[in-house]
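Under full-length UniProt numbering, residues 1 to 232 are what the sequence shown spells out, in order. Where is the CB? At the ideal position from N, CA and C, for every residue including glycine. Below: one structure, written as structure tokens.
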Amino acid sequence: MNVLLIAGHGNGDSGAVGNGYEEAELTREFAVLLKENLKSFCNVTLADTNRNWFEFLGSNNYDFSKYNYVLEIHFNSGGGSGSEIFVTTAESGITVENEILKNLCNCVKYHNRGVKRKDFRVISKIKSQGVCSALLEVCFIDNSNDIEIYQKNKNKLATAVAKGIATGFNLKYISDKNSPHSTDVSEKAKDAIDWCSKYNILPPDIISDMDDQKILLCIGLYNTVKFLAEHI
């Protein structure tokens, strides 16, 4: 399973602004967190963040055929609240998108605005190549409550989206011995679980009864702390 994450706006385009934040910065932040949480379930690529993909695809072609799913990340504006996902009018199923929204909204009690259909440029270009795609509006950047919740729970939200994708596609934690990632992932899982246990990050009853979703949570927490330590 190959997933591509695209961070919206950028390259001189700030996107929406609100509460002291720019959409282009938040989309890139969330894309990195989501990649860290999702990569234990599938192959994940983060599209070039120096590129504004909306502008690029307006006059250029790009081969998306090597991916099974593409998720474009945005933050909403306009005075509303909550999370929503857009798919193209050509998309036949929305199981994955419903799972993403369910997990995302339930974890922090965001308003679930549902899955909607609109032929935005990027996801339409991708779908025209036969690749499933969606545009996620994480929350409203101009809603002070939404953005405060995001800032306090950004990794939890990334974990929830990763869980939604994994559930929607019935992805399992990569532990197959024949997988090229099996050794690295298994070692990372052990390190993450040991770390969560050592520092009492999760209750003992969770540590003692691990399943795929709990392993994902451990790895997400571990990867985020490691990423922040290396980049701050």
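**OP:** Have a look at E25, K66, D63 and F169 and flag the residue whose alpha-carbon is nearest the alpha-carbon of N98.
**Re:** F169
Original post:
Which parts of the UniProt domain "MurNAc-LAA" (62-166) are runs of the beta strand (DSSP E), unbroken and 3 residues or longer, counting only runs that do not cross its ends?
Top reply: 69-76, 83-87, 112-117 and 132-140
Subject >> Straight-line Cα distance separating A24 from H74 >> reply: 8 Å
Original post:
Helix or strand or just coil, what does DSSP make of A7?
Top reply: strand
**OP:** Please report the Cβ distance between L33 and K109, rounded to the nearest whole angstrom; I am assuming they are in contact, meaning their Cβ atoms lie under 8 Å.
**Re:** Taking 8 Å as the upper bound for CB-CB distance, L33 and K109 are not in contact here, some 20 Å apart.
Original post:
Is there contact here, the stretch 75-92 with the stretch 131-144, by at least three beta-carbon pairs under 8 Å?
Top reply: yes
Original post:
From K127 to V225, what distance separates their C-alpha atoms?
Top reply: 35 Å
**OP:** Could you tell me the distance, in whole angstroms, from the CA atom of I174 to the CA atom of A166?
**Re:** 11 Å
**OP:** Rounded to whole angstroms, what's the CA-CA distance from C105 to S92? Just pull it up for me.
**Re:** 23 Å
**OP:** Could you pull the start and end residues of the beta strand (DSSP E) that residue 258 belongs to?
**Re:** The question about residue 258 has no answer, for the chain in this structure spans 1 to 232.
Original post:
Helix, strand or coil: which one does DSSP assign to Y173?
Top reply: If DSSP states are grouped into helix, strand and coil, Y173 belongs with coil.
Subject >> Whole-Å CB distance - V70 paired with S124, under 8 Å assumed >> reply: About 11 Å; that fails the 8 Å criterion.
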